[in-house]
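**Q** Residue numbers (our numbering), protein chains in the order written: chain A, 2 to 602; chain B, 6 to 372; chain C, 804 to 1106; chain D, 2 to 190; chain E, 8 to 188.
Quick reminder that beta carbons are idealized off the backbone N, C-alpha and C, glycines included.
Since the model is a prediction, treat every value here as computed from it, not as a measurement.
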């Protein structure tokens, strides 16, 4: 160091030049709040209408800052829990993970950040309700690219479209373990699906069990209220997937395929028994008669048997399963799957009398008198007719009957040009089966393709297999050849007219647009109805039937307290899982009636 | 003559201490004869909390490990998780990460400028640099949505893409900063008094430096050129051209000079990153965070923060939750054993300056 | 009688003047510092608010009698210094207590306050205070040397120990001592850095080392007393410098301008410099300032 | 680097018969060794192999194995290789050798581990308290210490105002009358 | 005369005005919120405009900023510091942690609700609160002082037993650090 450091003394003084410079202090703060950046993570805003109350935000929040609370004006319904998030600003750290996991992207963060108060209890806010003006101030929002939800479903391995039509081999191959774990890991466990499921299965729980690699527990949970999961795992109508939280912006969790995976891990009835290990109660001496071994009847039998009842099923057909056995083609639901489950149900003591049609082989009266309670699960065996000219021609077959014959192992000659009329699952099944018989298949449907009640996967599958779909086509006449065999179908093109009452658009035929296409067979699939001829005499009066269905209360009890009914013959939804749900409810009703709830005793 | 030693408590409430910690000093006159660091005033048990949270939730804790420079910790955690899981990071994300890290480095150095000068009574520098640091924080706000806690670098990449026109804004800020840095240097490094206060004060014995675990600018201030960015290049540092400055003095002056030159290098890196920024994905999506499990095993990654090498050790037992998250803070080594040793024989007046030159950061020590 | 009343009246007015000007200067100091630091800074009257607030605070600290007396000593010292220093040239209104030898009295009384303060601070038991005080005293020992040298040089040169006399010399000759005895002036100005305790000589109360040094244990009304006495003292010191070296002032405006300019020297120097350690500060004072003081002495004895 | 890695593994396994090398990619070399040999292997690595930078010492509580795992992570500035040395300590009698004479900084790590896990380091000279003050519970980082339960018990918070919070799953379950069996509840979120 | 209501009111107004515009903040960074204090105090936001200024020791300070979480170890010191401060004194709680525990609600070492241990006058929302929010907090405190509503210190004195009982609940050993000035 030099004796005098002149530079070191004087150089700093140059800093004094800053004196003249304009200060860069923000004068307006705090009197005018400063606008935050476009991506600022400020207070939450929730689009109350868009939110479905899945509670995923509350789960991801590592600070337990988010509570789900009911809001005035929001009613819970299927696919919406009716709860909305409330943020505790005494916990929040504004990390924005809640935004990134929000499946509907209703939650976002705004540019607002100023809140100062002397009351520590005033930091509990309900975004969107308490700050409705936040809508214009949204800053940190969720986008599909940055979302933490996995919107892509693990693709299900399937046979190639053209490969499939060669045989009745099962089209869907099922997930392997790795795929199942990956798919199960997509689930956010909100549980919205359980409300949509008619049977209220414990969906999040068994998916979680699969995700954690515990398949046995998954099977156990599934069997808790569904004795036919393998059937459901293959052919369920999946109302659960419609309300899946992930489905709002992506593909829903493959709940059905996961159930299928779980049940398939138990290879045979003995293994199921080992896993589920039902504790069969001591016989309590009550006897229950069940008419029809369809899903509802089997459910009633299974759970009642577990509870110590003596159950007997009367089945008209040589095999159990009802429509699931005879109405669903084998490429969707192989016979051995069903056999495995029936075997298991039989193993726990359920007696099934096959080839015994009530009303013909055994009168209903006998059953009514023999048993302490009777459950009717007869389903809808009779198809609706189209009511057009030429419907009674040879080659015009009801699709249900067609499937029944095929599933019974019989040959049905449909020729090489098949027309299927209808847009439901039965129609698609009939079409795809016809493809497998080697025919060219065309589906005529009154409305548009997107209106078809069949599963989209089925429709897609049919299209892949080369089924031709003509939408907005109303058949008016079947032309027959000289032998009385169907030769062609004449139909009218229709246009969609919006419904004044706000319902779905109606098809209105366009006059003069008649088109004729050739056909060697016509399969009608526009629905079925019940056959209640077995109810004779007093029973026909005592057991009320309205609009083709039994009148039942919430316990599935008919107007005769001893008689319970379920399945298609009692509910409007007409699918297997509803039938199972009916059965499960009837079990409780029967138990309550006979044994008592336990409270009374 | 035997003087009686007075006990002097520096902290926890003390304006000269860098954060919430305490040094118990035994002084004779103005000379320190014994120093004992007492930490734990900020112990929040992050590592315990991480064991209760899942792999993604833990990520939000990471930035709070060291408040002045949160990003290297985020980066370490993200990279440790990626290493353990074998997850690829898109190229663009790597560049964005480097951009964020270097911006954070500058921001942290600006705060250090204030602290180092303020500890010696030159408050003007602090007013300038901490004020100018806000321009970098503004950039962060625009990029990440937060000023201080960015929570931006997460496993799999970064959370959001660069906003429109962000690159130009960065370059503009860098130009401005370079101009301002000249002002700081004129005032601070050309200052005779500053030089008198720092040269020959707080000398780390270079022989001992490595053995005592000294890292970062204090090590480079001893003339030893070690920097994780060069030793074990992460992200895209091996594709960038920059120098790692060293100084020979081993004292506060040397360390200050290392830092002063490093800011310039950071600006250089940022310019290169902006120049080379590739297009494409910025985020390799992780699975549903509630059910995201990492394979059993452990990983340790190192990152160069302003205080030196920081490391993140994570261990997984195959579940959704970390089994162990253990953070190695650079200050952890500096502030306890090294500082206790370094302070002996120094003047009480220099304690604060020495602490600042080591870059002690109590939240990082205590976690 | 009237003369006594006028004296009393003058004392009160000069106290009020010193207080308000001193406080304003401190406020302006903050403002100027702020502007150099690129910010707006507090309003110029900020320090008035501060002292009113400090006065309105309830004070419940008790560390013993000396601790109570410490700030009082300071106040006494500042007021006494002010009373000794003539405010304007030949003004009848602020003649204050001028007497032969007041310069020597002033030298003593100016150190009296800090010493009293030191006793008070010592009693608090706070090592920060104690260390601050020792540093303060050490630093005082540093700047007193050039300061005394400068004053002695003046005394020798003008053969008087009365401030009024020195002022009169300047008025009569029309030349400021600043130019006639530049070395004394330089030594005194450099000593002033130490007196004002702004950077680089603020080690006494350096916040980053000693909290606020001697004042650590004083809050509320103690601090009020210290702040007001500080502002009065600052004004007194500046007036003394103006009186001794810059030919005094003929009216209040001139006084304010001169004192303000003088005041800005340590302020601006302090803004851009870090602080010296105690021994460095002492060494600095015993270096160039003392050298100038020595030159001044030589110059005085030669002329 | 691969050759150097092989060389390191070879040398160490030659010198320490009990050292088990675990294969890893990149610049990581990994050994497991009984705890008695820890000071010896660390001395050897530092003095003979040039691993002169101790980067980290960590500890994991394997409650189910009734063991603590200690991990020493070393770095060689010359080879640019990091070495992990794992060892296991009995959880009931957690005693370990002190290594702060090899690296001074290990002192801090050991202090922390001592406080957080209750592992005693023979011959470690440092004040007993490090991060905690007057702590009366078990060493807090042990897996059997439940911080949530402790915090809920000890520290008051504003939970009453939030007591009307509902669980989504529970709300839906109540609405639908679904009966969730007990064994399934552990899979609920 | 001092008992006269009108003059008392005038004195109050003057006092409150001065108190409002002269807030000396104790430089005690208790938690991570301390990182936004330097920006608040420095050139860009310049809290000195509002009369906010740092104070080095508790004796001189008016405002105690609790910048976030408090560990039990720090709480002990904070209580001591608070009691050293001279009336009138105010406490500002920063961010989530002081309101309901914030991120560290399940940590075994941090308290959750600050107002159970110390009277808090103003809470600032955020984690971190931005400097703007901090300034807003000071503005709110000024408002309260002007209205004479910032009376945390009085509350503390009146309910000292309650506060002390709560403090002792979380501080296992009620032995203050050895320095006792």
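Does the beta-carbon of residue 319/A have 16 or more other beta-carbons within 10 angstroms, so that it is buried, or is it exposed?
**A** Residue 319/A should be labelled exposed.
**Q** Could you list which residues in chain E have their beta carbon closer than 8 Å to that of residue 158/D, in chain order?
**A** Correct list: 107, 108, 112, 119 and 120.
**Q** With DSSP run on the structure shown, which of helix, strand or coil describes residue 329/B?
**A** Correct three-state label for residue 329/B: strand.
**Q** Taking 9 Å as the CB-CB limit, is residue 95/A close to chain E?
**A** By this cut-off, residue 95/A is an interface position.
**Q** Since residue 190/D and residue 60/A should fall inside the 8 Å C-beta cutoff, what is the C-beta to C-beta distance between them, to a whole number of angstroms?
**A** 6 Å between Cβ atoms; contact.
**Q** Quick one: Cα of residue 23/A to Cα of residue 258/B, how far?
**A** Approximately 32 Å between the Cα atoms of the pair.
**Q** Just to confirm, is the Cβ distance from residue 254/B to residue 205/B under 9 Å?
**A** In contact: residue 254/B and residue 205/B (Cβ atoms closer than 9 Å).
**Q** Residue 251/B and residue 230/B look like a contact to me (Cβ under 8 Å); what is the Cβ gap, rounded to whole Å?
**A** At roughly 5 Å, the Cβ-Cβ gap stays under 8 Å, so residue 251/B and residue 230/B are in contact.
**Q** For residue 55/A, name the three-state secondary structure that DSSP assigns.
**A** Of the three classes helix, strand and coil, the one that applies to residue 55/A here is coil, per DSSP.
**Q** In whole angstroms, what is the alpha-carbon distance linking residue 210/A and residue 591/A?
**A** Those two C-alpha atoms are separated by around 32 Å.
**Q** Alpha carbon to alpha carbon, how far is residue 42/E from residue 46/B? Give it in angstroms, no decimals.
**A** Their Cα atoms are separated by approximately 16 Å.
**Q** Let me know the secondary structure DSSP gives residue 111/A once reduced to three states.
**A** Residue 111/A falls in the strand class under three-state DSSP.
**Q** Does DSSP classify residue 244/B as helix, strand or coil?
**A** Helix at residue 244/B.
**Q** Please decide whether residue 144/E counts as near chain A, where near means a Cβ-Cβ distance under 9 Å.
**A** Residue 144/E counts as touching chain A.
**Q** Starting from the Cα of residue 25/B, find the closest Cα among 340/B, 352/B and 353/B and give me that residue.
**A** Considering only alpha carbons, the answer is 340/B.
**Q** Could you tell me whether any Cβ in chain C is nearer than 9 Å to the Cβ of residue 188/E?
**A** Here the model assigns residue 188/E a pLDDT of 44, short of 50, so the residue's position is not dependable and the matter cannot be decided.
**Q** So, is the C-beta of residue 56/E closer than 9 Å to a C-beta in chain A?
**A** Residue 56/E counts as touching chain A.
**Q** Should residue 134/D be flagged as near chain E, meaning a C-beta pair shorter than 9 Å?
**A** Closer than 9 Å to some Cβ of chain E, the Cβ of residue 134/D qualifies, so yes.
**Q** Mind listing the chain C neighbours of residue 53/E? Cutoff is C-beta to C-beta under 8 Å, in chain order.
**A** 837, 842, 843 and 844, listed in chain order.
**Q** Per the contact definition of three or more C-beta pairs closer than 8 Å, is the stretch 83-93 of chain D in contact with the stretch 21-40 of chain D?
**A** Because the criterion of three Cβ pairs below 8 Å is met, the stretch 21-40 of chain D and the stretch 83-93 of chain D touch.
**Q** Would you tell me roughly how many angstroms separate the C-alpha atoms of residue 278/A and residue 225/A, rounded to the nearest one?
**A** Whole-angstrom Cα-Cα distance: 11 Å.
**Q** Using 10 angstroms around the beta-carbon of residue 295/B, count the other beta-carbons present and answer buried if the total reaches 16, otherwise exposed.
**A** Residue 295/B should be labelled buried.
**Q** Closer than 8 Å by beta-carbon distance: list the chain E residues that pair up with residue 862/C, in chain order.
**A** Simply 93.
**Q** Report buried or exposed for residue 863/C, applying the criterion of at least 16 other Cβ atoms within 10 angstroms of its Cβ.
**A** Residue 863/C should be labelled exposed.
**Q** Taking the alpha carbon of residue 106/A as the reference point, which residue from 73/A, 97/A, 112/A and 142/A has its own alpha carbon closest?
**A** Residue 106/A has its Cα closest to that of 142/A, out of 73/A, 97/A, 112/A and 142/A.
**Q** Rounded to whole angstroms, what is the Cα-Cα separation between residue 858/C and residue 93/E?
**A** Spanning the two alpha carbons is a distance of roughly 12 Å.
**Q** Could you please give me the residues that DSSP links to residue 31/D through a beta bridge?
**A** Residue 31/D pairs with 23/D and 85/D.
**Q** Where do the N-terminal and C-terminal ends of the alpha helix (DSSP H) with residue 1188/C fall, by residue?
**A** This structure cannot settle anything about residue 1188/C, because the visible part of chain C is limited to 804 through 1106.
**Q** Determine, using beta carbons only, whether residue 107/E and residue 159/D come nearer to each other than 9 Å.
**A** The answer is yes: Cβ separation under 9 Å.
**Q** Could you work out which residue in 227/B, 33/B, 69/B and 31/B is closest to residue 367/B when comparing CA atoms only?
**A** Considering only alpha carbons, the answer is 69/B.
**Q** Okay, do the stretch 166-181 of chain A and the stretch 68-76 of chain A touch, 3+ Cβ pairs below 8 Å being the bar?
**A** Too few Cβ pairs lie closer than 8 Å, so no.
**Q** On the criterion of 16 or more Cβ atoms from any shown chain inside 10 Å, does residue 884/C qualify as buried, or is it exposed?
**A** Its Cβ being crowded by 16 or more others within 10 Å, residue 884/C is buried.
**Q** Using the rule of at least 16 other Cβ atoms within 10 Å of the residue's Cβ for burial, across every protein chain shown, is residue 124/B buried or exposed?
**A** Looking at its Cβ environment, which holds 16 or more other Cβ atoms inside 10 Å, residue 124/B is buried.
**Q** Quick check: the stretch 271-290 of chain B against the stretch 158-167 of chain B, are at least 3 beta-carbon pairs closer than 8 Å?
**A** Touching, yes, given that three or more Cβ pairs across the two stretches are closer than 8 Å.
**Q** Going by DSSP in three states, residue 62/B sits in which element: helix, strand or coil?
**A** In this structure, residue 62/B counts as helix in the three-state DSSP scheme.
**Q** Ordered along the chain, which non-local residues of its own chain (more than five positions away) have a Cβ less than 7 Å from that of residue 429/A?
**A** The answer, listed in chain order, is 455, 459, 460 and 463.
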